[in-house]
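S.K.: Residue numbers (our numbering): 512 to 1054.
Where a beta carbon is used, it is the ideal one built from N, C-alpha and C, also for glycine.
If you're wondering where the values come from, they're calculated on a predicted model, not measured in any experiment.
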Ligand SMILES: [Zn+2]
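#1: Which value, in whole angstroms, describes the spacing of the CA atoms of residue 905 and residue 985?
#2: Residues around ligand 1, please: the ones whose beta-carbon is closer than 6 Å to some heavy atom of it, in chain order.
#3: When you compare the CB positions of residue 540 and residue 764, do they come within less than 9 Å of one another, or not?
#4: Below 8 Å, can you find three or more Cβ-Cβ pairs linking the stretch 744-755 to the stretch 773-786?
#5: Mapping DSSP to helix, strand and coil, what is residue 787?
#6: Once you ignore the five residues that flank residue 714 on each side, which residues in its own chain have a CB closer than 8 Å to its CB?
#7: Can you give the Cα-Cα distance for residue 700 and residue 616, rounded to whole angstroms?
#8: By a C-beta neighbour count over all protein chains shown, 10 Å radius and 16 as the cutoff for buried, is residue 999 buried or exposed?
#9: Grab the span of the beta strand (DSSP E) containing residue 857 for me, first residue to last.
#10: How about residue 671 and residue 770: are their beta carbons less than 9 Å apart?
#11: Quick check on the burial criterion: 16 or more other C-beta atoms within 10 angstroms. Buried or exposed for residue 967?
#12: So residue 775 and residue 831 are supposed to be a Cβ contact under 8 Å. How far apart are they, rounded?
#13: Beta-carbon separation of residue 609 and residue 665 under 9 Å?
#14: Bridge partners of residue 862, per DSSP?
#15: So, with DSSP's three-state summary, where would you put residue 841?
#16: Check this for me: beta carbons of residue 876 and residue 692, under 9 Å apart or not?
#17: Anyone know if the C-beta pair for residue 683 and residue 761 falls short of 9 Å?
#18: Under three-state DSSP, which class holds residue 879?
#19: By DSSP, does residue 890 sit in helix, in strand, or in coil?
#20: In three-state terms, what does DSSP make of residue 705?
#21: Quick one: Cα of residue 788 to Cα of residue 882, how far?
#22: Ignore the nearest five residues each way along the sequence and tell me which others in residue 497's own chain have a CB closer than 7 Å to its CB.
#23: Tell me, please, whether the stretch 584-598 touches the stretch 520-530 by the rule of three or more beta-carbon pairs shorter than 8 Å.
#24: Once you ignore the five residues that flank residue 801 on each side, which residues in its own chain have a CB closer than 8 Å to its CB?
#25: Please report the Cβ distance between residue 557 and residue 890, rounded to the nearest whole angstrom; I am assuming they are in contact, meaning their Cβ atoms lie under 8 Å.
#26: In this structure, how does DSSP classify residue 834 when only helix, strand and coil are distinguished?
#27: So, are the CB atoms of residue 840 and residue 861 less than 9 Å apart?
#28: What is the C-beta distance between residue 662 and residue 534, in whole angstroms, given that I count them as a contact (C-beta under 8 Å)?
#29: Cα-Cα, which of 965, 835, 843, 851 is closest to residue 820?
#30: Are the CB atoms of residue 604 and residue 733 within a distance shorter than 9 Å?
#31: Which residue wins for smallest C-alpha separation from residue 1025, given the options 1015, 1036, 1019, 1016?
#32: Express the C-alpha separation of residue 1017 and residue 944 in angstroms, rounding to a whole number.
#33: For residue 716, which residues in the same chain have their Cβ closer than 7 Å to its Cβ, ignoring the five residues on either side in sequence?
#34: Helix, strand or coil for residue 641 per DSSP?
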């Protein structure tokens, strides 16, 4: 029986500093670190890169985590030699065998007596016709992938178990639900190797062990569930898997789907995902429902969460419209009004790791799932600014109000465009949510400039009024720009130039309304017909 050990084999596609593209074993990630370091993953699909980085972080967190803060800091720029990493990874060697007759990585221990399925079922599928995001062309239409190499197969398997969407009766979702969102810390140009990306997202060992799971359950199968028989979840005979039932590292190695790769009938040719030639292409697998059902208060260190009214954490997922700076609250800072908290790794970075001269960013990525199918793959990077503790509350308040003002103005743009397009805008349910995307994208760089300006102003004891005025100006400018571009694109039978002119002037007025100025703590205009003035007038006449 063919064997393929994920610790021994060169199966991870990466790019070096000099641009060369190679395949490495996981422990070679620090090879030639001083002269020609590995700078990025290089998988053929963006979701594969998102899976591979979590595989590497999970592996290092499981067997090579730093024991204290000093070790973490030392190793950030002076990583362990490949041989040292290899020695650590070899301690779990037996859990990382993809083939063979013994336990297989992320597969059911026993053969499944079910029908063979085409290998493309292992891929989280994307609609082939979407052009909304530039990344969607990397995704392949169903029925066009018939055989894949071991590298792509291992990645697809890990991606499926890590992201498992709903899949019909008894097909369980991942430990973070179907298609979770992850947020990772990304270094600046002085910290831009793959090692940096990896190490920045690994927690101190004891901290991690306290974060979630049962540290007393130290059997190997409590970390790597495929080393034992599957904890199945049939409604009568099965069982749920809660954090009490597993060692903390299980968060990286959950196995909601029961899968067995068919390695008996491999063929030779070209991998239909990465295009590489191989004599070992996988074309079939088997699966079965009622795999591990993750229940209870699981917390994954790389994902933001919201809390429901019972205090249970719910992992945040990407939504239509993408990921943008409007998610800054919740991803980077706590969003107390919506009970959202950033990922544990972000919290740790902000509270104890970040240094003044670091210009690091947050990389958020995930699928936008429509139940069983992925509509889209989203990713975005946003800056992580270091703010003095004493200024943090003010900073958070202003950033939050800047985002709220943008939400208001974005809504104004949509209703103005509807008014321009339709005689009866209220009756029409045309989907104009794409305008949101345009608005958030077009105001993004201005937002980050404003953030920097705000930080500088607060640090020099300035009230940052000018920054907020500038922010409002740029929002208003962009709103009119989008309106001018879209206003004449409505249905021809409803067209009316007069209505467009009125909608435009209303938009300009609403965007500078007292409501929005008050949101931004800008001076509001007192008009004689204001409620306060009316009351004063009434008091006078009553007297
Ligand atoms: Zn391949």
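M.R.: Taking the definition as stated:
#1: Walking along the chain shown from the start, residue 905 turns up at place 394. Walking along the chain shown from the start, residue 985 turns up at place 474. The straight-line gap from Cα to Cα measures roughly 22 Å.
#2: 659, 660, 662, 663, 782, 784, 785, 787
#3: Sequence index remark: in the chain shown, residue 540 carries index 29 (1-based). Sequence index remark: in the chain shown, residue 764 carries index 253 (1-based). Cβ atoms of residue 540 and residue 764: not closer than 9 Å.
#4: no
#5: Residue numbering aside, residue 787 sits at position 276 when the chain shown is read from its first letter. Here residue 787 sits in coil by DSSP.
#6: For the purposes of this step, residue 714 is taken as residue 203 along the chain shown, with counting starting at 1. The residues are 572, 576, 722, 812, 855, 856, 859.
#7: Your numbering for residue 700 matches position 189 in the chain shown. Your numbering for residue 616 matches position 105 in the chain shown. C-alpha separation (whole angstroms): 35 Å.
#8: Counting from 1 along the chain shown, the entry for residue 999 is found at position 488. Flag for residue 999 reads exposed.
#9: Working through the chain shown from its first residue, we reach residue 857 at position 346. It is not in any beta strand (DSSP E) - residue 857 instead sits in the alpha helix (DSSP H) that spans 855-859.
#10: Working through the chain shown from its first residue, we reach residue 671 at position 160. Working through the chain shown from its first residue, we reach residue 770 at position 259. For residue 671 and residue 770, yes; Cβs fall inside 9 Å.
#11: If you number the chain shown from 1, residue 967 lands on position 456. Flag for residue 967 reads exposed.
#12: For the purposes of this step, residue 775 is taken as the residue at position 264 of the chain shown. For the purposes of this step, residue 831 is taken as the residue at position 320 of the chain shown. The Cβ separation is near 42 Å, so there is no contact.
#13: As a working mapping, residue 609 is identified with position 98 in the chain shown. As a working mapping, residue 665 is identified with position 154 in the chain shown. Yes, the Cβ-Cβ distance between residue 609 and residue 665 is below 9 Å.
#14: Within the chain shown, numbered from 1, the residue matching residue 862 stands at position 351. None, per the DSSP bridge assignment.
#15: Stepping through the chain shown from its first residue, residue 841 is reached at position 330. Three-state DSSP puts residue 841 in a helix.
#16: As a position in the chain shown, residue 876 is number 365, starting the count at 1. As a position in the chain shown, residue 692 is number 181, starting the count at 1. In contact: residue 876 and residue 692 (Cβ atoms closer than 9 Å).
#17: Residue 683 sits at position 172 when you count from the first residue of the chain shown. Residue 761 sits at position 250 when you count from the first residue of the chain shown. Contact flag unset, no.
#18: Position 368 of the chain shown, counted from the start, is the residue given in the question as residue 879. Correct three-state label for residue 879: strand.
#19: Numbered from its first residue, the chain shown carries residue 890 at position 379. Residue state, collapsed to three classes: strand.
#20: As a first step, residue 705 must be located in the chain shown, where it is residue number 194. Helix.
#21: For the purposes of this step, residue 788 is taken as residue 277 along the chain shown, with counting starting at 1. For the purposes of this step, residue 882 is taken as residue 371 along the chain shown, with counting starting at 1. About 34 Å.
#22: Because the chain in this structure spans residues 512 to 1054, residue 497 falls outside the shown range and cannot be described.
#23: no
#24: Numbered from 1 along the chain shown, position 290 holds the residue referred to as residue 801. Same-chain partners within the cutoff: 681, 683, 743, 744, 745, 749, 769.
#25: Reading the chain shown from its first residue, position 46 is the one you call residue 557. Reading the chain shown from its first residue, position 379 is the one you call residue 890. That pair is a contact at about 7 Å.
#26: Walking along the chain shown from the start, residue 834 turns up at place 323. Three-state DSSP puts residue 834 in coil, outside helix and strand.
#27: In the chain shown, counting from the first residue as 1, residue 840 sits at position 329. In the chain shown, counting from the first residue as 1, residue 861 sits at position 350. No, the Cβ-Cβ distance between residue 840 and residue 861 is not below 9 Å.
#28: Here residue 662 refers to the residue found at position 151 of the chain shown. Here residue 534 refers to the residue found at position 23 of the chain shown. Indeed, because the Cβ distance is near 7 Å, the residues count as touching under 8 Å.
#29: By 1-based counting over the chain shown, the position of residue 820 is 309. It is 851.
#30: To locate residue 733, count along the chain shown from 1; it is residue 222. To locate residue 604, count along the chain shown from 1; it is residue 93. Not a contact, by the Cβ cut-off of 9 Å.
#31: Looking up residue 1025 in the chain shown gives position 514. Residue 1025 has its Cα closest to that of 1036, out of 1015, 1036, 1019, 1016.
#32: In the chain shown, the residue the question calls residue 944 occupies position 433. In the chain shown, the residue the question calls residue 1017 occupies position 506. Each residue's Cα considered, the two are about 20 Å apart.
#33: Translated into the one-based positions of the chain shown, residue 716 becomes position 205. Within the same chain, residue 716 has close Cβ partners 576, 577, 578.
#34: Taking the chain shown and counting its residues from 1, one reaches residue 641 at position 130. Because residue 641 carries a pLDDT of 37, less than 50, the predicted location of this residue cannot be relied on, and the following value inherits that uncertainty. The answer is coil: DSSP assigns residue 641 none of H, G, I, E or B.
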